[in-house]
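Quick note: to get our numbering, add 740 to the position in the sequence shown (first position is 1).
All C-beta atoms in this analysis are idealised placements derived from N, C-alpha and C, irrespective of residue type, glycine included.
Given the structure is predicted, the values throughout are model-derived calculations rather than measurements.
Notes follow once the structure below has been shown.
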Amino acid sequence: MVVNIFFGLFFSISAAALFAMNVALFLVLVRHKEFSTSTYRIVKNMCVACMFQLFVFFVSGLMTLCHTTFNFYVERILGAVVQGGWMLYVGLSLTVAVDRLGIFICPSRTVIRDRTNVFLLCCSWMLGMTYFICLLSPGFGFTYHTPHGLYMWFYTDEPGSAVLEAVEPYVDFSCFAIELVIYSVVFVSLVRMRRASIVSTQSASLRVEMRLFCVAIISFIYENIFIIWFFWAAKIVGNTRYTEISVNALWLYDSGLFSFAMIVVNKSIRKKLRSMFSPNIKVATIILIRYKDFNTSTYRIIKNMCVACMFQLFVFFVGGLMTSFDSVFNFYVDRILGAVLQSSWMLYVGLSLTVAVDRLGIFYRPTHGVIKDRISIFLLCCSWILALAFLVCLLSPGFGFSYQSGDGLFLWFYTDEPNTAILSALEPYIDFTCFGVELVIYSIVFISLVKMRRTASHYSLKLEMRLFCVAITSFFYETAFIFWCFWATASPSRDRFVEISVNTLWLFDSGLFSFAMIVVNKSMRKKLRAMAWPKRKIVSVLSGPQRS
741 MVVNIFFGLF FSISAAALFA MNVALFLVLV RHKEFSTSTY RIVKNMCVAC
791 MFQLFVFFVS GLMTLCHTTF NFYVERILGA VVQGGWMLYV GLSLTVAVDR
841 LGIFICPSRT VIRDRTNVFL LCCSWMLGMT YFICLLSPGF GFTYHTPHGL
891 YMWFYTDEPG SAVLEAVEPY VDFSCFAIEL VIYSVVFVSL VRMRRASIVS
941 TQSASLRVEM RLFCVAIISF IYENIFIIWF FWAAKIVGNT RYTEISVNAL
991 WLYDSGLFSF AMIVVNKSIR KKLRSMFSPN IKVATIILIR YKDFNTSTYR
1041 IIKNMCVACM FQLFVFFVGG LMTSFDSVFN FYVDRILGAV LQSSWMLYVG
1091 LSLTVAVDRL GIFYRPTHGV IKDRISIFLL CCSWILALAF LVCLLSPGFG
1141 FSYQSGDGLF LWFYTDEPNT AILSALEPYI DFTCFGVELV IYSIVFISLV
1191 KMRRTASHYS LKLEMRLFCV AITSFFYETA FIFWCFWATA SPSRDRFVEI
1241 SVNTLWLFDS GLFSFAMIVV NKSMRKKLRA MAWPKRKIVS VLSGPQRS
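Below, the structure written as structure tokens:
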């Protein structure tokens, strides 16, 4: 069990980190015109192939952690994706080698080189798709069920799989043999070029191509070691659990090696990656965190609300997959996700009250800034304590919040366990107490706004009114949702469509506040546009008048 937890986390965390690195590299290559060459076109495709594989390794890490493949069809589809992604990557590695040959041997024949690259790109995708389709066909399969547990992807024992297993080494080593010949020819050419002209070998363009050549060589050597270990490790050191783990780890890191090496050797890519994640420019990942004009106590609450919503939406995403496959995958997965979802909802309820109190401080006592901030921090802490209390309870024996409720997998709700009934009875009192206090607060704020309308400046009133409207909209939606949730689920006529409606209302509640904030806040919309479509500044330098 300890081995499963350790290596499950190791696989998933490593895959997530390498996936993020590949995504970052891919975005840099797509966004900047200097990377629009035929060589970088191949590199972009290699990033995509690696992302396919790393996504599967992330999920399979969870499989190892939970000691289940969740669902037969999920496992087979993921197996086909990871092996199809690998065969695509093998073809692209050969394409890179041919491209390097064209660069160093025939640098002037760019049209022929480009056409050859496009042809080999198409062949690589055809090879990957062929394996993908075959492995999804009856009599074929690529599974995470191996003799020693859930530690490695490999071919099943079905007849069709045996054919692919026998064919793959020939495909892999044929490609690698051609690559070896090509890299040998390129190396000899480089030696000759160095002797012929020292100046030319020190040129910037040649240095860039040399770096790409080094990356390709490193990747080539690693892939050969991995393939030898993949097919013959069991015969070399014996078929054990740790042999399977080592094979999976080598494959996983192979999916990130090329991108990592590209970033290390290419200064231009590193510079653009830093600029993409630098807080000093207008390219941001989280608007509220990056910009100083959102560092008020009000926006501190909104940041916490975004976190609560993201927790819930992640669970709804997994719940959608559960509905698709008609399976909760695993008992513990179901219960942990249920606890996360319900505790995040309770956090959101507490934060909604905190927003209401903050609005009261803004409109009713605008001069008491320090007191308002302290009250907001106190209520923030109370909201998190409430959420953690529900999380701990729902993960304890005798409690539970499950997707297996009622008429199928359509709604997250309390289980029928005895202790859960206590929470189920208690929650409406907490929800409606918070909403009742909010209603009183918003009534007071509304009266204050009517009085302020005669004295306050138009701009300041308009700004605060927008936030107030967002809070009011969210308040009415949440109240309607809670009424429907508890009344509809307790109704004798509860059926599948009632459960779907409750789940849908809950899902959209997790995005309503953020959507409304973006709609009413012009500054936020502007920064979101800048994040999605960053503008490049072009500086033209003109020579001044020269002295005679």
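(request) Can you check DSSP and say which residues form a bridge with residue 1142? (result) 1153
(message) Using 8 Å as the cut-off, can you tell me whether the stretch 1126 to 1143 makes contact with the stretch 1078 to 1087, which would need three or more C-beta pairs spanning the two stretches below that distance?
(response) yes
(message) I need the DSSP call for residue 1217, collapsed to helix, strand or coil.
(response) In the structure shown, residue 1217 sits in a helix (DSSP, three-state: H, G or I).
(request) Starting from residue 787, trace the alpha helix (DSSP H) both ways and give me its first and last residue. (result) 778 to 806
(request) Kindly list the residues whose CB is nearer than 7 Å to the CB of residue 1265, restricted to its own chain and excluding five residues on each side of it in sequence; keep chain order. (result) Answer for residue 1265: 1258, listed in chain order.
(request) Going by CA-CA distance only, name the one from 840, 1235, 1103, 968 that's closest to residue 951. (result) 840
(request) Can you grab the Cα-Cα spacing for the pair residue 1005 / residue 1044, in whole Å? (result) 39 Å
(message) So, for residue 888: in the same chain, excluding its five sequence neighbours on each side, which residues have a beta-carbon less than 6 Å away from its beta-carbon?
(response) 981, 984
(message) For residue 883 and residue 773, I'd like the C-alpha separation in whole angstroms.
(response) 41 Å
(message) On the criterion of 16 or more Cβ atoms from any shown chain inside 10 Å, does residue 904 qualify as buried, or is it exposed?
(response) So residue 904 counts as buried.
(request) Indicate whether the contact test is met: 3 or more Cβ pairs, each with one atom in the stretch 1210 to 1217 and one in the stretch 1240 to 1259, closer than 8 Å. (result) yes
(request) Evaluate contact between the stretch 753 to 762 and the stretch 989 to 1001, counting only Cβ atoms and requiring at least three cross-stretch pairs below 8 Å. (result) yes
(message) Measuring only the C-alpha atoms, how far is residue 1023 from residue 1263?
(response) Reliability of the predicted coordinates at residue 1023 is poor, the pLDDT of 35 falling under 50, and the value obtained from them is presented with this limitation in mind. Rounded to the nearest angstrom, the gap between the Cα atoms of residue 1023 and residue 1263 is 15 Å.
(request) Assign residue 1026 to one of three DSSP states: helix, strand, or coil. (result) A caution first: residue 1026 carries a pLDDT of 49, below 50, which makes its placement in the model too unreliable to give a value.
(request) Take the Cβ of residue 912 as the centre, count every other Cβ of all protein chains shown within 10 Å, and call the residue buried at 16 or more, exposed below. (result) buried
(request) Excluding the 5 residues preceding and the 5 following residue 1096 in the sequence, name in chain order all residues of the same chain whose CB lies nearer than 6 Å to its CB. (result) 1178, 1181, listed in sequence order.
(request) Spell out the partners DSSP gives residue 889 in its beta bridges. (result) 886, per the DSSP bridge assignment.
(request) Report, in whole angstroms, the separation of the C-beta atoms of residue 898 and residue 880, which I expect to be a contact under 8 Å. (result) Taking 8 Å as the upper bound for CB-CB distance, residue 898 and residue 880 are in contact here, some 6 Å apart.
(request) Quick one: give me the first and last residue of the alpha helix (DSSP H) that residue 811 is part of. (result) Where residue 811 is concerned, there is no enclosing alpha helix (DSSP H), given that its DSSP letter is neither H nor E.
(request) Work out the CA separation of residue 770 and residue 785 for me, nearest whole Å. (result) 11 Å
(request) For the stretch 828 to 838 and the stretch 852 to 868, state whether three or more C-beta atom pairs, one from each stretch, are separated by less than 8 Å. (result) yes
(request) Could you say if the stretch 750 to 759 and the stretch 956 to 970 meet the contact criterion of at least three C-beta pairs nearer than 8 Å? (result) Note that the stretch 750 to 759 does not touch the stretch 956 to 970; fewer than 3 beta-carbon pairs, one per stretch, sit closer than 8 Å.
(request) Assuming residue 723 contacts residue 1078 (C-beta within less than 8 Å), just tell me the rounded distance between them. (result) Lying outside 741 to 1288, the shown extent of the chain, residue 723 is not represented and no answer is given.
(request) Taking 9 Å as the cut-off, decide whether the C-beta atoms of residue 1149 and residue 1068 are in contact. (result) yes
(request) Under 6 Å Cβ to Cβ from residue 871, same chain only, skipping five residues before and after it: list those, please. (result) The residues are 823, 824, 827.
(request) Kindly indicate which residue of 1186, 1070, 891 has the alpha-carbon position closest to the one of residue 749. (result) 891
(request) Determine the DSSP secondary structure at residue 1223, reduced to helix, strand or coil. (result) Reduced to three states, the DSSP call for residue 1223 is helix.
(message) With the cut-off set at 9 Å, would you say residue 813 and residue 1065 are in Cβ contact?
(response) Residue 1065 is positioned such that its CB atom lies closer than 9 Å to that of residue 813.
(message) Please classify residue 1060 as buried or exposed, where buried requires at least 16 other C-beta atoms within 10 Å of its C-beta.
(response) exposed
(message) Rounded to whole angstroms, what is the Cα-Cα separation between residue 1073 and residue 852?
(response) 54 Å
(request) Output yes or no for whether 9 Å exceeds the beta carbon distance between residue 920 and residue 844. (result) no
(message) Suppose you measure from the CA of residue 1055 to the CA of residue 1046; what does that come to, to the nearest Å?
(response) 14 Å
(request) Return the chain-ordered ranges of every beta strand (DSSP E) run that is complete within the stretch 848 to 931 and spans a minimum of 3 residues. (result) DSSP runs (the beta strand (DSSP E)) wholly in the stretch 848 to 931: none.
(request) State buried or exposed for residue 869, treating a residue as buried only when at least 16 other CB atoms are found within 10 Å of its CB. (result) exposed
(message) I'd like the list of long-range same chain contacts for residue 900, defined as Cβ closer than 6 Å, with 5 residues on each side in sequence excluded.
(response) 879, 880
(message) Given a cut-off of 9 Å on the beta-carbon distance, is the pair residue 1163 and residue 1133 in contact?
(response) yes
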